[in-house]
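Here the protein sequences come in this chain order: A, B, C and D.
Heads up: the first sequence runs through residues 850 to 910, numbered per the numbering used here.
Heads up: the second sequence runs through residues 2 to 217, numbered per the numbering used here.
Heads up: the third sequence runs through residues 1262 to 1433, numbered per the numbering used here.
Heads up: the fourth sequence runs through residues 5 to 194, numbered per the numbering used here.
Here's the structure, in structure tokens; my notes come after.
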Amino acid sequence: MNLWAIVWLALLIAIFIGTYIWNKKTPQPEGCEDMSECSGCHNIACTHHSAHHEEEIKDEY
Amino acid sequence: MNKFDTFKKGLFIENPIFVLLLGLCSALAITTSLTNALGMGMAVICVLIMSNVIISLLRKIIPNEIRIPVFIVIIATLVKCVQMLMNAFTPALYESLGVFIPLIVVNCIILGRAESFASKNGVVDSLLDALGMGLGYTFAVLVISFFRELIGTGGLSLFNPFDASQVIFQVQLFGDYSVSLFTQPAGAFITLGCILAFIQCLKIRKERKAKKVEEK
Amino acid sequence: MKKMITLALFLAVVAGLSGAALSLVYSVTDPIIQEAAIASEKENLVKIYPSAEFKLLETDTSEFPTIQNVYEAVGSGYVYKCSVVGYGGASTPIVYLIALDNDGTYKGFEVLDCSGETSGFGSKVAEQPFKDGIVGKNIGDSVDTITGATISSAAVTNGIEEASAHYEQNFK
Amino acid sequence: MELVSLFIGLTFVNNVVLSKFYAVCPLLGVSKKPKNALNMGYAVTFVIVIASIVTHILYHFVLVPLEITYLDLITFILVIASLVQFVEMFLKKTSPEIYKSMGVYLPLITTNCAVLGVALDNISANYNLIEATVAGLAVSVGFTIVIYLFATIRERLEIANVPESFKGTPIALITAGIMACALAGIAGLV
């Protein structure tokens, strides 16, 4: 059981979660809210997907 | 939504490839032979079931902000485990699928089902949904590779994914009239395009019939 | 602040679990994969080191494009599997094994595939005279090319030099 | 010289979209207007080149020495995902107008098979660092060219009278198939 594996994984996940939250915190520049063009695809991981919008509304209330 | 409904939905109504158009990258690439398609389908089913079950078990514990990163980590771990197991126990299949086993991680089906279904429903529902989606994927991939292999090589052959020597069935229909374009990448696009067109045509005909019934 | 702690804690748990799962599966499957990797080359490796036990080494060979993989014959030497582009072009490379012994000599040389070369000329790399010109020499000595098949034999010797360079760099 | 043949090989001969099927989802999903397709191409180019450099360095200087090469897949996917998040945050902060044009496509790149595919191919073909960067560049240029051409063709398809059941994705797939045939024609180039 290689200890380095867990250390390296923890570091990587920390960086990813750090940039993920950091990116969520930075607000959208003013003229960019209506990313309407990207509606068709079902790619859940894409933060413009509808799933993320409900979540944002939930966070605000 | 009774249990059988979630299972059936994955197979036909919301088939990941034909309807939701997810995971096309792997679907087009590995459908050169039935064995590849079966092997890939089994791999996707394993990963999908494990990831849906684990995610639905953990859904209450995962803090909401970091939901997607944790899902990506879980799915990447599972896919690497499946890849290592396949490399050890089904080497022939592993060779033929090549880089597309690790690419299951970015296959939108897995993350899609994890995010939209498993993180909101119970374990049994997620399991059934994973099974439905997995079988839907395998069914779609088998259909595509059926056409591609039949037209491309003029014959159909299915080997046992676990040891390549054992032939399940092998039939050679029209050897010298085969259009070898269909085994090449170009054929994959055309086959999938025609299948989607056929499905769209069925849908349009059904709508037209429904409209006619309303007018009467 | 409390949010940070729960995130960090959760992160450590996820890292631990996935690291543990991965290394567990790795420890189970790695020997089997090694065994399979060796098995496919075994009948050729045994020709050079009849009694040795082999291991597939995982070393950085990105500086040496011709080296495909490196086997260690435990206790006696190292065998390099090289693939070079001969007269037959990139689509049919010459693939061969070159063995370097611990006592600094070329222990063995086996050509696995030179089907791309012109028969009677390039295919001479697989015949005995060329092999005798290699086996027994010290590592680093120049290997003379075959008249009439300079491209193929030069490609092979170039691969042998890369193997010896890697040998000097890692195992000397 | 063989860097150039590597470049041509990856850009045209085994183009990442049409013959290795690495990024079919973005090709069908997003490329409606050529200008947007080009913006997406720039975003993908930027991410792929950096990702192939970072993944190559991490693999050879962290994973191999520590003998944890079984972590390669999870390392690559986490590196790519955090790179995408970082680039998006960086664009949001520094230049809104670039973010306005390119920002839409950045989250898509995390699940883009091309980025991870290139990183894995660089390792399995055991390129050194320069070749890995050239491969990254070649793949992204190939991707951008294909997605741009595809967008222009699809623009015309909107006004062409396509049979009822072929409208939308089916006709797009058929066009991609024909493009793949054209590309297969120059297979012997390298």
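Glycine included, every Cβ here is placed at the ideal spot set by N, Cα and C.
Proximity of residue i and residue j at Cβ, strictly below 8 Å
i	j	result
C:Glu1333	C:Leu1318	yes
C:Val1386	C:Ile1412	no
D:Val51	D:Ile113	yes
A:Phe865	D:Leu82	yes
B:Ala93	B:Ala165	yes
C:Cys1375	C:Gly1409	no
C:Ile1328	C:Glu1423	yes
D:Ala180	D:Phe154	yes
D:Ile102	D:Leu95	yes
B:Leu159	B:Phe170	yes
A:Ile870	B:Val74	no
D:Thr156	D:Pro38	yes
B:Pro162	B:Gly40	yes
C:Thr1290	B:Met85	yes
C:Tyr1357	C:Lys1398	no
Proximity to residue i [Cα-Cα], best of the options
i	options	result
B:Ile14	B:Val214, B:Val172, B:Leu136	B:Leu136
B:Phe90	C:Thr1353, C:Leu1270, C:Tyr1287	C:Tyr1287
C:Tyr1428	C:Phe1391, C:Val1331, C:Ser1376	C:Val1331
B:Phe8	B:Leu129, B:Leu143, B:Leu29, B:Arg114	B:Leu129
B:Tyr178	B:Leu159, B:Ala165, B:Leu151, B:Val172	B:Leu151
B:Ser117	B:Gln173, B:Tyr95, B:Ile56, B:Val172	B:Ile56
B:Leu25	D:Ala191, D:Thr173, D:Leu77, D:Gly189	D:Thr173
D:Asn132	D:Phe154, D:Tyr63, D:Leu87	D:Tyr63
D:Ala139	D:Val53, D:Thr79, D:Pro69, D:Ala27	D:Val53
D:Ala191	C:Phe1432, C:Gly1394, C:Ser1352	C:Ser1352
B:Leu203	B:Val20, B:Val83, B:Gly156, B:Ser146	B:Val20
D:Pro30	D:Thr79, D:Ile134, D:Val119, D:Ala164	D:Val119
Minimum Cβ-Cβ distance from residue i to chain C less than 8 Å
i	result
D:Val138	no
B:Thr91	no
B:Asn53	no
A:Asn872	no
B:Ile196	no
B:Ile67	yes
D:Leu75	yes
D:Ser131	Ser is not the amino acid found at residue 131 of chain D; the sequence shown has Tyr there. Judged by the 8 Å Cβ criterion, D:Tyr131 is in contact with chain C.
Residue-chain proximity (residue i, chain A), Cβ-Cβ < 8 Å
i	result
D:Val66	yes
B:Pro70	yes
D:Met106	no
C:Lys1289	Per the sequence shown, the amino acid found at residue 1289 of chain C is Val instead of Lys. Taking Cβ atoms only, chain A never reaches closer than 8 Å to C:Val1289, which makes this a no.
B:Glu208	no
C:Val1275	yes
B:Val83	no
Beta carbon proximity, residue i to chain D, threshold 8 Å
i	result
A:Ala859	no
C:Glu1319	yes
C:Ala1416	no
C:Glu1324	yes
C:Leu1283	yes
B:Ile63	no
B:Leu128	no
Buried or exposed (CB count within 10 angstroms, at least 16 for buried), residue i
i	result
A:Ser888	Note on A:Ser888: pLDDT 48, under 50, position unreliable in the model; the coordinate value appears next. Per the 10 Å Cβ criterion, exposed.
B:Arg206	exposed
B:Ala38	buried
C:Phe1370	buried
A:Pro876	exposed
D:Thr59	buried
A:Ser885	Confidence in A:Ser885 is poor, its pLDDT being 48 and thus under 50, which makes the residue's placement unreliable; the coordinate value appears in the next sentence. Answer is exposed; the Cβ neighbour count stays below 16.
D:Arg160	exposed
C:Leu1270	exposed
B:Glu215	exposed
B:Gly176	exposed
B:Ser127	buried
D:Gln65	Here residue 65 of chain D turns out to be Phe, not Gln, going by the sequence shown. Burial call: exposed.
Cutoff 8 Å: residue i Cβ touching any chain B Cβ
i	result
A:Ile864	no
D:Phe50	no
C:Phe1271	yes
D:Phe170	yes
D:Ser56	no
D:Phe25	yes
Where residue i sits in the DSSP three-state scheme
i	result
C:Thr1366	strand
B:Gly156	strand
B:Phe19	coil
A:Glu886	Its pLDDT being 49, under 50, A:Glu886 is placed unreliably by the model, and the measurement read from it follows with that caveat. Reduced to three states, the DSSP call for A:Glu886 is coil.
D:Ile72	coil
C:Leu1373	strand
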